[in-house]
Amino acid sequence: MTDFISKTTYKLKLLFTDPVKLIGILKNMLKMVFVSKIDTGPDGSRWTTETEKNLLQKYAQGSKLGIVEIGILDGKTTQEMALVATAPIYGIDPLVPDSMNKKLIGTEEKIKRNLEFYPKFTFIKEFSFNLSSSWKHPFDFIFIDGDHTYNAVKQDFEEWLPLLTSGGYVGFHDSAPITVDGKVVFEGWPGCVQLVNELRSDSRLKFIEGGDSLTVFQKC
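Adding 28 to a residue's 1-based position in the sequence shown gives its number in our numbering.
Here is the structure:
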């Protein structure tokens, strides 16, 4: 409530001191209200940093059996992995509004366009929890980047870890803070951060490394 009052007082002050700036703020607010979907451009956006991309490519390149990516949006991060991979890649996404931003949603057209160069890519338009019980494809790397709420990311981990080959790797996105010049610019999503912190003492895993908000474990 205090934050709301502070913001409202600031806008009222602008009405008399800087009406042009106030109009700009109100236009942006209206835009956010009426825009039903975030425009990610003709090819979609990659929601990973350069550090995260490089780390994902490292494990994608090392994969021998297969790569599973839960939550691919428009397939831009998948595309980065496919540029260096030789193993089959399975992208799983129901293409529903993002758990952290309801105005963010992927499209099949962009996924197809981004991955058409990689013959070993398979897109599965489905919720990950509907696939785990009948999954038959071997994989040695899984990137969990779907629903970021605690219960959902934990469910993805618990259901897919038994399917990951022994010695394989699991990566969690948005699971740690990102800092720039010593300042935290993104704290990670709470559910992912909580789970990853719990898994650091899980006997089924060994912590390997992290890069920005990406955390990687190895299955024991």
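Where a beta carbon is used, it is the ideal one built from N, C-alpha and C, also for glycine.
Neighbour flag for residue i against chain B, beta carbons, 8 Å
i	result
W217	The displayed structure is made up of one protein chain only, and chain B is not part of it.
Residues bridged to residue i [DSSP beta-bridge criterion]
i	result
Q246	Y197 and K234
K211	V208
E97	G119 and F171
G239	L242
For residue i, the first and last residue of its enclosing alpha helix (DSSP H)
i	result
K81	E78 to G90
E154	E154 -> no alpha helix (DSSP H), and no H or E assigned at all.
F185	Y178 to W188
G119	First-last for G119: I117 to I120, but that is the beta strand (DSSP E), not the alpha helix (DSSP H).
P125	Neither: P125 is in no alpha helix (DSSP H) and is coded neither H nor E.
I139	E136 to L143
P218	P218 to L227
A110	K104 to A110
Heavy atom of the ligand HEM within 7 Å of residue i beta-carbon
i	result
A113	The ligand HEM is not part of the structure shown, which contains no ligands of any sort.
Own chain partners of residue i with C-beta closer than 7 Å, once the 5 adjacent residues on each side are dropped
i	result
Q107	N142 and L143
K92	A115 and D168
Same chain only: Cβ atoms within 8 Å of residue i, ignoring 5 sequence neighbours per side
i	result
L223	Y178, V181, K182, F185, F200 and S203
R228	F235
T193	L93, P166, F167, D168 and K247
L159	I120 and I152
T135	G72, D102 and L123
S127	G174, D175, H176, T177 and A180
F157	Q183, D184 and E187
Spatial neighbours of residue i in its chain, beta-carbon cut-off 6 Å, leaving aside the 5 residues before and after
i	result
G219	H176, T177, Y178 and V181
I66	K131 and L132
P205	V212, E215 and G216
L84	M109
T79	G239 and D240
E237	V244
Pairing CB atoms from the stretch 167–178 with CB atoms from the stretch 97–110, are three or more of them under 8 Å?
yes
For the stretch 221–232 against the stretch 188–204, are there 3 or more C-beta pairs whose distance is under 8 Å?
yes
Please determine if the stretch 118–126 and the stretch 145–158 are in contact, where contact requires at least 3 C-beta pairs separated by less than 8 Å.
yes
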